[in-house]
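Residues 22 to 83, numbered by this note's numbering, are exactly what the sequence shown covers, in order.
Data first, discussion second: the structure below is written as structure tokens.
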Amino acid sequence: MRAAFLTSNGSTDKITIGDLPKPVPKQDEVLIEIKFSALNHLDIWVREGWPGLKLAFPHIMG
């Protein structure tokens, strides 16, 4: 799937637009198709490394 994702915390050069494996839903979950997504100031804080927030990379933004 095509996505904007973070490879690590830091500046905008840590944002990559590319292909990632399509997620596989677990039991009692569904997979939906998203055509568009918005980013806002919270995404900037997440990218910069919000204290106490532990992310698994790659982290899909939006």
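Quick reminder that beta carbons are idealized off the backbone N, C-alpha and C, glycines included.
Of the other Cβ atoms in all chains shown, fewer than 16 fall within 10 Å of the Cβ of L74; this residue is therefore exposed.
Its chain contains M82 and G83 as the residues whose beta carbon lies nearer than 7 angstroms to that of L60, once the 5 sequence neighbours on both sides are disregarded; these appear in chain order.
Here T33 carries a helix assignment [DSSP, helix/strand/coil].
For D40, the three-state secondary structure derived from DSSP is strand.
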